[in-house]
Amino acid sequence: MNMKHSLIQLIDLPDEILILIFKTLNNVDLLYSLMGINVKLTQFIRDPIFTNRLTLFRYSSNDLIYPLDNTILDRFCLQILPEIHHKIKWLNVEPLSMERILLITNYSNLHGLGLYNIEDETFRRLFAGKKYDDSSIHQNLEEKLPSLTSFSLTCDTDMSFYWELIVPLIHRMLNLEELTLYIELSSFKIFIDGNNLKENIIYHLSRLNKFVFNILSIMHLYMKPYLPTNEEIEHTFANFTTNKIISSVDYFPRRQSAQCRIYTYPFTMSLLSSCERTIIYHIHKNKMTKNIVNICTIDVLNKLNRQKLIELQRDLIGVENLSNQYDRQFIREGCLQKLSKKGYQQRMFFLFSDVLLYCARSSSPVLKFKLHGELPLKTMTVEDTDERIQIPNSITIYAGNRSLLVAASSEPEKNKWLHDLKSAIENVKITIDDHKNQYTATMKSNASSENLEHSLVGALEEDDPNQIDRSCFQHRANTTMHVCWHRNLSVSINDHRQAIKNQLSGYLLRKFKNSNGWQKLWVVFTNFCLFFYKTYQDDSPLASLPLLGYRSSLPSEADGVNKDFVFKLQFKNHVYFFRAESQYAFDRWMEVVSSATTTTTPSQLI
Numbered sequence: 001m002n003m004k005h006s007l008i009q010l011i012d013l014p015d016e017i018l019i020l021i022f023k024t025l026n027n028v029d030l031l032y033s034l035m036g037i038n039v040k041l042t043q044f045i046r047d048p049i050f051t052n053r054l055t056l057f058r059y060s061s062n063d064l065i066y067p068l069d070n071t072i073l074d075r076f077c078l079q080i081l082p083e084i085h086h087k088i089k090w091l092n093v094e095p096l097s098m099e100r101i102l103l104i105t106n107y108s109n110l111h112g113l114g115l116y117n118i119e120d121e122t123f124r125r126l127f128a129g130k131k132y133d134d135s136s137i138h139q140n141l142e143e144k145l146p147s148l149t150s151f152s153l154t155c156d157t158d159m160s161f162y163w164e165l166i167v168p169l170i171h172r173m174l175n176l177e178e179l180t181l182y183i184e185l186s187s188f189k190i191f192i193d194g195n196n197l198k199e200n201i202i203y204h205l206s207r208l209n210k211f212v213f214n215i216l217s218i219m220h221l222y223m224k225p226y227l228p229t230n231e232e233i234e235h236t237f238a239n240f241t242t243n244k245i246i247s248s249v250d251y252f253p254r255r256q257s258a259q260c261r262i263y264t265y266p267f268t269m270s271l272l273s274s275c276e277r278t279i280i281y282h283i284h285k286n287k288m289t290k291n292i293v294n295i296c297t298i299d300v301l302n303k304l305n306r307q308k309l310i311e312l313q314r315d316l317i318g319v320e321n322l323s324n325q326y327d328r329q330f331i332r333e334g335c336l337q338k339l340s341k342k343g344y345q346q347r348m349f350f351l352f353s354d355v356l357l358y359c360a361r362s363s364s365p366v367l368k369f370k371l372h373g374e375l376p377l378k379t380m381t382v383e384d385t386d387e388r389i390q391i392p393n394s395i396t397i398y399a400g401n402r403s404l405l406v407a408a409s410s411e412p413e414k415n416k417w418l419h420d421l422k423s424a425i426e427n428v429k430i431t432i433d434d435h436k437n438q439y440t441a442t443m444k445s446n447a448s449s450e451n452l453e454h455s456l457v458g459a460l461e462e463d464d465p466n467q468i469d470r471s472c473f474q475h476r477a478n479t480t481m482h483v484c485w486h487r488n489l490s491v492s493i494n495d496h497r498q499a500i501k502n503q504l505s506g507y508l509l510r511k512f513k514n515s516n517g518w519q520k521l522w523v524v525f526t527n528f529c530l531f532f533y534k535t536y537q538d539d540s541p542l543a544s545l546p547l548l549g550y551r552s553s554l555p556s557e558a559d560g561v562n563k564d565f566v567f568k569l570q571f572k573n574h575v576y577f578f579r580a581e582s583q584y585a586f587d588r589w590m591e592v593v594s595s596a597t598t599t600t601t602p603s604q605l606i
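Here's what the structure looks like:
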């Protein structure tokens with residue numbers, strides 16, 4: 001088929017089909033191939049769809065920029081651009097041909113200009129005052145540039161003339177709405193940061209609403225005694241709201257240099273080398289993953305806290321409004337000895353972000369706890385009174401005109417309570433004027449916290465079926481509240497957070513201290529507890545073993561266990577041995593079991 005027949009078939013197509021076909025083609029190729037060939041086609045491709053934005057260079061497969069062939073460039077400069085100059089609204093040009101293209105005609109309706117890899121001398125000739133008698137564009141660009149609403153500058157080599165030429169040029173674009181800068185600046189005495197961009201660019205462009213940038217600034221270490229950190233650079237972008245800004249600061253002592261890259265996300269990576277792209281993609285991936293993990297973690301922790309509040313409100317007799325206050329945070333629960341007229345008595349204490357509750361065991365057949373008192377943290381102080389009153393592991397709690405003397409089971413337990421109490425009290429003082437942490441009473445409305453020891457006697461009788469639905473209380477011996485009561489210890493919200501990260505199931509061989517045989521069981525570890533099943537298909541466990549208070553270790557020679565992959569669990573006189581099927585399984589079981597047998601210490605919370 002010859003060219004004449006192809007042309008006839010093309011012009012016979014409906015206009016709608018021609019538009020669909022031409023839209024799939026490169027505008028430069030389309031104009032070069034069809035301009036002047038046929039009256040209808042020439043008129044057709046002069047439409048703004050094909051002429052208002054032209055990129056007059058090529059991209060190689062590895063994103064390098066190179067000029068148009070001389071034949072194509074000659075035709076554009078001699079014929080095509082002079083014919084359609086008034087239709088062009090955006091031009092993208094590269095260094096070898098930009099001077100010829102920009103000076104060949106007057107682009108009267110040009111609103112956007114993209115300069116790629118422009119060189120110092122070319123920039124000075126075009127924008128710094130040297131006259132050209134045969135072109136009106138230079139006069140238009142030399143003074144104010146009110147018609148330009150979009151400007152893009154991309155350069156993969158050092159722009160030593162940034163301050164001298166680029167910044168003043170941008171200041172002349174009074175009505176600029178969109179700005180793109182992909183540049184590299186070296187031998188500077190400062191890193192380009194958010195403050196610099198605001199002072200030198202943003203404050204000068206009142207109409208700017210889109211600013212995309214990828215700026216690498218390189219500085220020699222001897223130029224400045226103090227170099228900012230990445231966190232300090234990030235802080236300068238605190239008020240940038242249009243894009244997500246990412247920064248990366250690196251120091252190279254051997255080269256006596258440092259560099260800072262700042263960029264908006266997402267952005268086009270054509271300026272970067274393949275190695276840099278890989279690095280930046282990893283930075284993006286890691287930071288985005290970290291953000292997603294943080295969001296999900298916050299959501300999970302909020303749900304965990306909410307679940308804990310609801311459980312305690314359900315399980316504690318005489319408590320209301322515990323879960324109604326949206327910002328109330330559970331901190332720690334555990335067993336302490338409280339001094340009373342009858343001597344030391346065991347009590348369960350529950351610390352929240354605004355209040356400390358303590359409960360006594362009820363007289364019902366199943367283990368339940370009844371609220372005896374609440375102490376708001378906003379008036380509370382605590383004191384370590386070991387030395388002053390010569391009572392081991394004691395803490396004095398002052399709240400208003402009342403005080404409580406309590407003692408922990410060990411010094412580590414006392415230190416945990418002291419740390420959490422002091423932190424919670426300090427936090428309440430910081431937020432006392434905010435709407436957050438506004439204290440809501442947790443006692444039943446007909447109970448008074450002024451008479452702590454007797455406030456529930458007349459208000460809530462244990463034998464009154466109208467006040468307590470007995471069916472709602474189920475004996476759950478594995479809950480942390482019950483385990484803490486029986487083993488005289490405490491559990492914090494940080495322990496609960498750690499518990500949800502460590503869950504495992506698999507077959508283990510179990511052996512008691514005084515037995516010789518091993519029993520194979522399907523074991524599930526979750527929520528500080530081991531659950532034992534005959535097989536993985538069973539719906540309910542044969543038994544369970546809460547691990548709070550237990551110590552995990554390897555068997556000693558005295559234990560007489562001569563097997564591989566065995567670990568030992570012990571609490572007082574209770575000793576168990578468990579044997580895994582492989583080294584990998586053993587390591588995993590030791591990892592998760594250690595999370596429950598070794599609770600978080602104050603130093604790990606900071």
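Start counting the sequence shown at 1; every next residue gets the next number (the working numbering).
We treat Cβ as the ideally placed atom computed from N, Cα and C, and that holds for glycine.
> Under a Cβ-count criterion, where at least 16 other Cβ atoms within 10 Å of its own Cβ denotes burial, should ASP299 be classed as buried or exposed?
Replying inline: Indexing the sequence shown from 1 puts residue 299 at position 299. Exposed is the call here.
> What residue does the alpha helix (DSSP H) around CYS155 start on, and which one ends it?
Replying inline: Reading the sequence shown from its first residue, position 155 is the one you call residue 155. Run containing CYS155: none in the alpha helix (DSSP H); it sits in the beta strand (DSSP E), 150-158.
>> Rounded to the nearest angstrom, what separates GLY259 and CYS296 at their Cα positions?
In response: The residue given as residue 259 occupies position 259 in the sequence shown. The residue given as residue 296 occupies position 296 in the sequence shown. According to the sequence as given, residue 259 is Gln; it is not Gly. Those two C-alpha atoms are separated by around 33 Å.
> In whole angstroms, what is the alpha-carbon distance linking TYR263 and ASN427?
Replying inline: Looking up residue 263 in the sequence shown gives position 263. Looking up residue 427 in the sequence shown gives position 427. TYR263 and ASN427: Cα-Cα distance of roughly 37 Å.
> What does a CB cutoff of less than 7 Å around ASP420 pick up in its chain, not counting 5 residues either side in sequence?
Replying inline: By one-based count along the sequence shown, residue 420 stands at place 420. ILE331, ARG332, LEU351, SER492.
> What number of angstroms, rounded off, separates the C-alpha of LEU91 from the C-alpha of HIS111?
Replying inline: Locating residue 91 in the sequence shown gives position 91, counting from the first residue. Locating residue 111 in the sequence shown gives position 111, counting from the first residue. Near 9 Å, if we compare the C-alpha coordinates of HIS111 and LEU91.
> Could you give the uninterrupted runs of the alpha helix (DSSP H) lying entirely in the region 353-431, keeping only those of 4 residues or more?
Replying inline: 386-389, 411-430
> Is the region 389-408 in contact with the region 312-324, if contact means three or more CB pairs nearer than 8 Å?
Replying inline: no
>> Which residues does DSSP list as the beta-bridge partners of ASP250?
In response: Numbered from its first residue, the sequence shown carries residue 250 at position 250. For ASP250, which the question treats as bridged, DSSP gives the partners GLN259.
>> Is it buried or exposed, LEU542, if we count other Cβ atoms within 10 angstroms and call 16 or more buried?
In response: Numbered from its first residue, the sequence shown carries residue 542 at position 542. Classification for LEU542: exposed.
> Mind checking THR289: buried by the 16 CB within 10 Å criterion, or exposed?
Replying inline: Along the sequence shown, read from residue 1 onward, the residue named residue 289 stands at position 289. Exposed: under 16 other Cβ atoms inside 10 Å.
> For GLU99, which of ASP120, PHE512, ILE84 has the nearest alpha-carbon?
Replying inline: Against the sequence shown, residue 99 aligns to sequence position 99. Considering only alpha carbons, the answer is ASP120.
> What is the rounded straight-line gap between the Cα of PHE586 and the Cα of ILE218?
Replying inline: Along the sequence shown, one-based indexing puts residue 586 at 586. Along the sequence shown, one-based indexing puts residue 218 at 218. The alpha-carbon atoms of PHE586 and ILE218 are separated by roughly 51 Å.
> If we count Cβ pairs, one from each stretch, closer than 8 Å, do we get three or more for the region 200-220 versus the region 175-186?
Replying inline: yes
>> Pop quiz: GLN503 and THR526 are said to be a contact at Cβ under 8 Å. What is the actual Cβ separation, rounded to whole angstroms?
In response: Numbered from 1 along the sequence shown, position 503 holds the residue referred to as residue 503. Numbered from 1 along the sequence shown, position 526 holds the residue referred to as residue 526. That pair is a contact at about 5 Å.
>> Check whether the region 354-372 and the region 507-527 are in contact - that is, three or more C-beta pairs closer than 8 Å.
In response: no
> Excluding five sequence neighbours on each side, which residues of the same chain lie with their C-beta closer than 6 Å to the C-beta of PHE512?
Replying inline: In the sequence shown, residue 512 corresponds to position 512, counting from 1. None.
>> Within 10 Å of its beta-carbon, does TRP163 have 16 or more other beta-carbons around it, so buried, or fewer, so exposed?
In response: Here residue 163 refers to the residue found at position 163 of the sequence shown. It is exposed - the Cβ of TRP163 has fewer than 16 other Cβ atoms within 10 Å.
> For THR597, which of VAL483, ASP538, LEU64, TRP522 has the nearest alpha-carbon?
Replying inline: Counted from its first residue, the sequence shown places residue 597 at position 597. That would be VAL483, whose Cα lies nearest to the Cα of THR597.
> Which of the three DSSP states, helix, strand or coil, is assigned to HIS220?
Replying inline: Indexing the sequence shown from 1 puts residue 220 at position 220. Strand.
> Given that a residue counts as buried once 16 or more other Cβ atoms are within 10 Å of its Cβ, and exposed if not, what is GLY400?
Replying inline: Residue 400 sits at position 400 when you count from the first residue of the sequence shown. Classification of GLY400: exposed, given that the 10 Å Cβ count is below 16.
> Which partner residues of GLU178 appear in the DSSP bridge assignment?
Replying inline: For the purposes of this step, residue 178 is taken as the residue at position 178 of the sequence shown. Bridge partners of GLU178: SER150, LYS210.
>> For the alpha helix (DSSP H) containing ALA585, name the first residue and the last one.
In response: If you number the sequence shown from 1, residue 585 lands on position 585. First-last of the alpha helix (DSSP H) with ALA585: 583-597.
> Got a sec? Which residues, its chain only, sit under 6 Å from ILE19 by beta carbon, not counting five neighbours each side?
Replying inline: Residue mapping note: residue 19 aligns to position 19 of the sequence shown, counting from 1. Correct list: empty, nothing qualifies.
> Residues in its own chain within less than 7 Å of LEU64 by CB, not counting five upstream and five downstream?
Replying inline: The residue labelled residue 64 in the question sits at position 64 within the sequence shown. Around LEU64: no qualifying Cβ.
>> Output needed for TYR576: all residues of its chain with C-beta closer than 8 Å, excluding positions within five of it in sequence on either side, in chain order.
In response: Your numbering for residue 576 matches position 576 in the sequence shown. Hits under 8 Å: ARG510, LYS511, PHE512, LYS513, LEU545, LYS568, LEU569, GLN570.
> Alpha carbon to alpha carbon, how far is LEU78 from PHE127?
Replying inline: In the sequence shown, residue 78 corresponds to position 78, counting from 1. In the sequence shown, residue 127 corresponds to position 127, counting from 1. Their backbone Cα atoms lie some 23 Å apart in a straight line.
> Under the three-state reduction of DSSP, which class applies to HIS86: helix, strand or coil?
Replying inline: In the sequence shown, counting from the first residue as 1, residue 86 sits at position 86. If DSSP states are grouped into helix, strand and coil, HIS86 belongs with the helices.
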